[in-house]
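Asker: The structure follows.
Residue numbers (our numbering): 1093 to 1327.
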């Protein structure tokens, strides 16, 4: 009786192999499980996020691979929302152009779980900039894009949800010192009378979002690592 063939060893990324080449090998070996492998690749090494984002928005990437990358990111949003929100935040902070890349990914994926985590990550980036005072203009730009008509509604809602929560926390914590200011330096209440779209006065809200919704992972997400400013450059 012939012994069963041993199970094939899982493919691993070779030293010096680009993310794109590795995904190409995975796709050739088993295209039906590629999205799960993309999710696992990110969960095991979040620093690959900029390269996944670069591939997903590169016009030279095959549409099939783009779809699988975005499916994998959606799986990661469900499995590790805090980790993904942190990566999104770091990516947005690394380069002013990266917020547009994230919005493009969310629109293409058309998946509410991914929209919500991306929105939370962008809110974390904007809040980090405001708290540190490093770049108020970038914070306002992130907010403007995250709440624009180009952004998915679920992303805008998650962004505003988390921004309001952190604004309320800052105001409560800073009440003895005169309260907390918003991104533009104003000092609104945690729930502005103009609605959630005016959470950061001075920046136009055009997404038509009327009420915050979604689950928040914001408080646990971090930006302790920074990513490359070039999403197409391979690690």
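C-beta atoms are modelled at their ideal positions from N, C-alpha and C, and glycine is treated no differently.
#1: Whose CA, out of 1247, 1226, 1235 and 1255, lies closest to the CA of residue 1205?
#2: Compute the distance between the beta-carbons of residue 1167 and residue 1192, then report whether it is under 8 Å.
#3: How about residue 1144 and residue 1111: are their beta carbons less than 8 Å apart?
#4: Assuming contact is defined by CB atoms lying nearer than 8 Å, are residue 1210 and residue 1218 in contact in what I supplied?
#5: What are the boundary residues of the alpha helix (DSSP H) that includes residue 1156?
#6: Per the contact definition of three or more C-beta pairs closer than 8 Å, is the segment 1172-1179 in contact with the segment 1217-1232?
#7: Whole angstroms are fine: how far does the CA of residue 1128 sit from the CA of residue 1138?
#8: What separation, rounded to the nearest whole angstrom, lies between the Cα atoms of residue 1126 and residue 1114?
#9: Give the range of the alpha helix (DSSP H) segment to which residue 1190 is assigned.
#10: Which residue wins for smallest C-alpha separation from residue 1119, given the options 1255, 1257 and 1154?
#11: What are the boundary residues of the alpha helix (DSSP H) that includes residue 1142?
#12: Rounded to whole angstroms, what is the Cα-Cα separation between residue 1241 and residue 1107?
#13: I'd like the list of long-range same chain contacts for residue 1179, defined as Cβ closer than 6 Å, with 5 residues on each side in sequence excluded.
#14: Verify whether the separation of the beta carbon atoms of residue 1161 and residue 1182 is less than 8 Å.
Answerer: Taking the geometry as given:
#1: In the chain shown, residue 1205 corresponds to position 113, counting from 1. Selected option, being the one with the closest Cα: 1247.
#2: Sequence index remark: in the chain shown, residue 1167 carries index 75 (1-based). Sequence index remark: in the chain shown, residue 1192 carries index 100 (1-based). No, they are not a contact pair.
#3: Residue 1144 sits at position 52 when you count from the first residue of the chain shown. Residue 1111 sits at position 19 when you count from the first residue of the chain shown. It is a contact, given that the beta carbons lie within the stated cut-off.
#4: Here residue 1210 is taken as the residue at index 118 of the chain shown, counted from 1. Here residue 1218 is taken as the residue at index 126 of the chain shown, counted from 1. Contact flag unset, no.
#5: Along the chain shown, one-based indexing puts residue 1156 at 64. Note, residue 1156: alpha helix (DSSP H), 1155-1171.
#6: no
#7: Numbered from 1 along the chain shown, position 46 holds the residue referred to as residue 1138. Numbered from 1 along the chain shown, position 36 holds the residue referred to as residue 1128. If you take the alpha carbons of residue 1138 and residue 1128, they lie about 15 Å apart.
#8: Locating residue 1126 in the chain shown gives position 34, where the first residue counts as 1. Locating residue 1114 in the chain shown gives position 22, where the first residue counts as 1. Residue 1126 and residue 1114: Cα-Cα distance of roughly 11 Å.
#9: Translated into the one-based positions of the chain shown, residue 1190 becomes position 98. Segment 1190-1201, the alpha helix (DSSP H) holding residue 1190.
#10: Numbered from 1 along the chain shown, position 27 holds the residue referred to as residue 1119. Out of 1255, 1257 and 1154, 1154 has the C-alpha closest to the C-alpha of residue 1119.
#11: For the purposes of this step, residue 1142 is taken as the residue at position 50 of the chain shown. First-last of the alpha helix (DSSP H) with residue 1142: 1141-1148.
#12: One-based indexing of the chain shown puts residue 1241 at position 149. One-based indexing of the chain shown puts residue 1107 at position 15. Approximately 42 Å, taken between the alpha carbons.
#13: Here residue 1179 corresponds to residue number 87 of the chain shown, with the count starting at 1. Once the five neighbours on either side are set aside, the close Cβ partners of residue 1179 are 1138 and 1141.
#14: Translated into the one-based positions of the chain shown, residue 1161 becomes position 69. Translated into the one-based positions of the chain shown, residue 1182 becomes position 90. With respect to the 8 Å criterion, residue 1161 and residue 1182 are not classified as neighbours on the basis of their beta carbons.
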